[in-house]
Structure formats: C-alpha cells, structure tokens
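J.: Next up is a structure, given as structure tokens.
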Amino acid sequence: MDKANVTPLWEVLHNIITATPSTPCKPHLWKWDQMWPWIQEAGRLISAQEAERRVLVLENPGLRGRSSVTHSLY
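Written out as structure tokens, the structure is:
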C-alpha cells in the first residue's frame, strides 16, 4: 500500500477522529478595507515584469508559514 501512497483508515482513524475538536487553525476575517493598502503596496514593490504573479496569500494566523487558510484549502 505504501508504494501506491494509500493508508488503511483503520490504522489512522484514532488520530483523525478525536473526542474534542483539535486544530491549530484560528478564526480570521480578511477585510477589504484593511487589505486594499497592502494590495497597493504589493503593486509598488514588485512589477508585473519582475514576477509571474503578484499575489498576497491569505494565511491563517494559526498556520503561519504554510500559505494556507485551513489544512484542506490553500
């Protein structure tokens, strides 16, 4: 199974299903009026010629450095 990159659920279920929810994710709301100045700053810092895409990644405060908002979305 390892060569096929699959794992038997019965071996990991105890780690997935917990008695109480457990996640490092923290609720967060990105408000447009707070983001707009950073979007403008990104446009000043790097040109379209310097970068394939000018993107500001929304990062969940509990998942800093992972470039994701949850464990299942990025």
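Numbering (the numbering used here), first residue to last: 68 to 141. All C-beta atoms, glycine included, are put in the ideal place defined by N, C-alpha and C. Computed from a prediction, not measured in an experiment: that's the story for all the values here.
Pick out the complete alpha helix (DSSP H) segments inside the stretch 72-132, 4 residues or longer, and give them in chain order.
T.: As far as the stretch 72-132 is concerned, its whole alpha helix (DSSP H) runs of at least 4 residues are 76-83, 99-112.
J.: I'd like to check one pair, residue 136 with residue 125: are the Cβ atoms closer than 7 Å?
T.: Here residue 125 refers to the residue found at position 58 of the sequence shown. Here residue 136 refers to the residue found at position 69 of the sequence shown. Result yes, Cβ atoms of residue 125 and residue 136 sit closer than 7 Å.
J.: What's the C-alpha gap between residue 81 and residue 138?
T.: Counting from one through the sequence shown, the residue named residue 81 turns up at place 14. Counting from one through the sequence shown, the residue named residue 138 turns up at place 71. So the two alpha carbons sit approximately 18 Å from each other.
J.: Could you tell me the alpha carbon to alpha carbon distance between residue 105 and residue 90, rounded to whole angstroms?
T.: Walking along the sequence shown from the start, residue 105 turns up at place 38. Walking along the sequence shown from the start, residue 90 turns up at place 23. Going by the C-alpha atoms only, they are around 28 Å apart.
J.: May I have the straight-line CA-CA distance separating residue 97 from residue 111, to the nearest angstrom?
T.: Residue numbering aside, residue 97 sits at position 30 when the sequence shown is read from its first letter. Residue numbering aside, residue 111 sits at position 44 when the sequence shown is read from its first letter. So the two alpha carbons sit approximately 21 Å from each other.
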